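Please read the structure below before turning to the comments.
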Amino acid sequence: MAVISRDELRARISKVPRVSLGHLPTPLEFCERLTEEVGGPKIYMKRDDCTGLAFGGNKTRQLEFTIAQGLVRGADVLIGGAGSQSNHSRQLAAAAAKLGVDCALVLVKDHKSGSTQGNLLLDDLLGADFELINVETQELLDDAKQALIEKFEREGRKPFVVMQAANRPFGAMGYALCMAEMMDQFDAIGETPTTVVVCSGSCTQPGLIFGKTVLGLDVRVVGVRPILWSYDLKDAFLGVLRRMAEILDVDVAFDESMIENVDRYVGEQGYGYCSPEGNDAIRLLARTEGILLEPIYTGKTLAGLIDMVNRGEIGKDETVVMVHTGGTPALFAYTEELLS
Ligand SMILES: Cc1ncc(COP(=O)(O)O)c(C=O)c1O
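Sequential numbering of the sequence shown, starting at 20, is according to our numbering.
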């Protein structure tokens, strides 16, 4: 049972501060040759690699809301930080350029930061100031972010850290809207998706789950985790979902059973490294559909989708949609691992 209609969801979210950054709606495409090759469910691709903003990706929809939280507080410099090939950082740099504010990034000095390819090259072209920090993981960048905040405040500036836990429910609003957008598109072609597959560890899947729940949709949303956090992912997702319900004043209860997120496709070497299955999936989609994925998020996600079909966890008679969350500039930082 729907708690609210699609129009009502849009109306409530329209009251939340937002800046316009994306090329929306993104296309929904049937992957006929991939479907044949996989020999199972009908596979559609929601092309969120086409959201615009410096080669697109899922961060565009999130940043429309998370940056707005900074701007309403008078921010004039946006702070970000993650791995050296971070797509969030690249899209944040692009958004800051478009909005005429500064962008300062702290990036992990990792196995890809020696190369000036892919996202790092784009961060530079987009005018972001970035510093490489010697820490093990992106979860340990808080001190570096705090140092930046203090430096800017001493200069009389107004810094705002965009990627912070309190901001995730706002980022997820973009994906609640994406769920409504996708359903409009499926309605228009007379199809009903049974499963959505998406790469997510923070905002994208909670947004889709929120959308499907409040709209009362009978669709499964399976998340594929790109990274193993030190904290409990379901707890974090629940926090996002409950806060969204509060902000939008929607009376729904969320519990752990509503969250399905698998961690088995991260690969042996972990976050930031390729997996052989993910790289095969990149080649398969490129050669059947002419659509590019990348090795850290979306390649592993398509590999997971195919594996779930082979295991019988996704039925052969289903209609599946994979949300292509972008990240393709990273391809150019992984040429050695990807060249056949
Ligand atoms: C290409 C790509 N896909 C998926 C994700 C996961 O997004 P989130 O954790 O915000 O749901 C990211 C970001 O980390 C990404 O860059």
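We put the CB at the ideal spot given by N, CA and C, even for glycine. All values derive from a computational prediction rather than experimental measurement.
#1: Could you check whether the Cβ of residue 245 sits closer than 7 Å to any heavy atom belonging to ligand 1?
#2: Compute the Euclidean distance between the alpha carbons of residue 73 and residue 222, then round it to the nearest angstrom.
#3: Thinking C-beta only, is residue 127 closer than 8 Å to residue 103?
#4: Going by Cα to Cα distance, which pick from 160, 249, 105 is closest to residue 351?
#5: Which same chain residues end up closer than 6 Å to residue 118 when comparing Cβ atoms and leaving out the 5 residues on each side of it in sequence?
#6: Please classify residue 344: does DSSP put it in a helix, a strand, or coil?
#7: Can you check the segment 256-337 for any beta strand (DSSP E) of at least 3 residues that lies completely inside it and give the ranges in chain order?
#8: Please go through the segment 128-187 and give each complete alpha helix (DSSP H) segment of 4 or more residues, from N-terminal end onward.
#9: Taking 7 Å as the limit between beta carbons, can you name the residues of its chain near residue 386, skipping five residues before and five after?
#10: Candidates 240, 260, 26, 158: which alpha carbon is nearest residue 332's?
#11: Report the residue from 254, 253, 261 whose alpha carbon sits nearest the alpha carbon of residue 233.
#12: At which residues does the alpha helix (DSSP H) containing residue 119 begin and terminate?
#13: Using a Cβ-Cβ cutoff of less than 6 Å, which residues in the same chain neighbour residue 116 once the five nearest sequence positions on both sides are dropped?
#14: List the whole-angstrom C-beta distance separating residue 18 from residue 190, where the pair is believed to meet the contact cut-off of C-beta under 8 Å.
#15: Using the Cα positions of residue 245 and residue 216, report the straight-line distance between them to the nearest angstrom.
#16: Do you know offhand how far residue 285's Cα is from residue 248's?
#17: Have a look at residue 226 and residue 193 and give me their C-alpha separation to the nearest angstrom.
#18: Residue 224 to residue 273, Cα distance in whole Å?
#19: Taking residue 82 and residue 47 to be in contact with their CB atoms under 8 Å, please state how far apart those CB atoms are, rounded to whole angstroms.
#20: Exposed or buried, residue 250, counting other C-beta atoms within 10 Å across all chains shown (16 or more means buried)?
#21: Compute the Euclidean distance between the alpha carbons of residue 318 and residue 335, then round it to the nearest angstrom.
#22: For residue 230, which residues of its own chain have a beta-carbon under 8 Å away from its beta-carbon, when the five flanking residues on both sides are left out?
#23: Where does residue 48 fall in DSSP's three states?
#24: In chain order, what residues of the same chain lie with their CB nearer than 8 Å to the CB of residue 22, ignoring the 5 residues before and after it?
#25: Considering just the uninterrupted stretch of the alpha helix (DSSP H) at residue 232, what are its terminal residues?
#26: Measuring CA to CA, which of 93, 358, 328, 32 is closest to residue 59?
#27: Where do the N-terminal and C-terminal ends of the beta strand (DSSP E) with residue 214 fall, by residue?
#28: If you measure from the CB of residue 317, is any heavy atom of ligand 1 nearer than 7 Å?
Quick look at the numbers:
#1: yes
#2: 20 Å
#3: yes
#4: 105
#5: none
#6: coil
#7: 279-281
#8: 137-144, 161-173
#9: Residue numbering for the chain in the displayed model covers 20 to 359; residue 386 lies beyond these limits and cannot be assessed.
#10: 240
#11: 261
#12: Premise fails: residue 119 is in no alpha helix (DSSP H) and is neither H nor E.
#13: 145, 146
#14: Outside the shown range of the chain, which is 20 to 359, sits residue 18, and nothing can be said about it.
#15: 13 Å
#16: 11 Å
#17: 7 Å
#18: 14 Å
#19: Rounded, the Cβ-Cβ distance is 22 Å, inconsistent with contact.
#20: exposed
#21: 21 Å
#22: 28, 194, 195, 196, 197, 198, 199, 236
#23: strand
#24: 232, 233, 234, 235, 269, 270, 271
#25: 223-233
#26: 328
#27: 214-218
#28: yes
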